[in-house]
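Student:
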Amino acid sequence: MNKYNKKFELTYASITYRSTGIVHIHYRDHLFTVHENREIFQLLKKEMRGHQCPIMISGDGFSNHDNESKQFFAGQELAGLCSAIAFVAQGMPQELVIKFLLRFYKPKVDSRYFLNEKQADEWLKNYINKISDNAQLSA
Numbered sequence: 068m069n070k071y072n073k074k075f076e077l078t079y080a081s082i083t084y085r086s087t088g089i090v091h092i093h094y095r096d097h098l099f100t101v102h103e104n105r106e107i108f109q110l111l112k113k114e115m116r117g118h119q120c121p122i123m124i125s126g127d128g129f130s131n132h133d134n135e136s137k138q139f140f141a142g143q144e145l146a147g148l149c150s151a152i153a154f155v156a157q158g159m160p161q162e163l164v165i166k167f168l169l170r171f172y173k174p175k176v177d178s179r180y181f182l183n184e185k186q187a188d189e190w191l192k193n194y195i196n197k198i199s200d201n202a203q204l205s206a
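Here the numbering used here is used: the first residue of the sequence shown is 68, the next is one more, and so on.
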């Protein structure tokens, strides 16, 4: 089986649907607005047909999000799409920002940060069983 079922390349991000059931969103160097983040997660919602999935979020060294986006990551709207979120820090500056985000905004979905994708992937595997066995990506 392929490692990836489907991949979308957007202007400022890529979304990869892994065969394991984990969705990986990688943000490129950019200051993201809440509008751009909502677009990304609307695509996710459409593809997952309303089913929750575990999500890994990573970013290039200079990717960042405006204050509204940070509130969006902690809000109920995102909690309806995700069974868990693993943030992957690419160095100390990102680690500090992610720690602040998790402590200050207190996401409504299980969330943790990791220093590499392998650790994040292992943790997210615990949340795959929350996805319906019938959940399939749209054609």
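Yeah, the Cβ is synthetic: ideal placement off N, Cα and C, and Gly gets one too.
When you compare only the Cα positions, how much space is there between Gln203 and Ile195?
Tutor: Annotation note: pLDDT 45 at Gln203 (below 50); position unreliable, no value reported.
Student: Please report the straight-line C-alpha distance between Glu76 and Thr83, rounded to a whole angstrom.
Tutor: Going from the Cα of Glu76 to the Cα of Thr83 covers about 9 Å.
Student: So, with DSSP's three-state summary, where would you put Leu145?
Tutor: Helix, per DSSP.
Student: Which same chain residues, not among the five before or five after Ile198, have their C-beta less than 6 Å away from its C-beta?
Tutor: Annotation note: pLDDT 46 at Ile198 (below 50); position unreliable, coordinate value reported separately. The residues are Gly88, His118, Cys120.
Student: Note down the Cα distance separating Ile165 from Arg116, rounded to an integer number of angstroms.
Tutor: Near 28 Å, if we compare the C-alpha coordinates of Arg116 and Ile165.
Student: Report, in whole angstroms, the separation of the C-beta atoms of Met127 and Thr100, which I expect to be a contact under 8 Å.
Tutor: Here residue 127 is Asp; the residue named in the question, Met, does not match the sequence. Going by Cβ atoms, the distance from Asp127 to Thr100 rounds to 17 Å, so no, they are not a contact pair.
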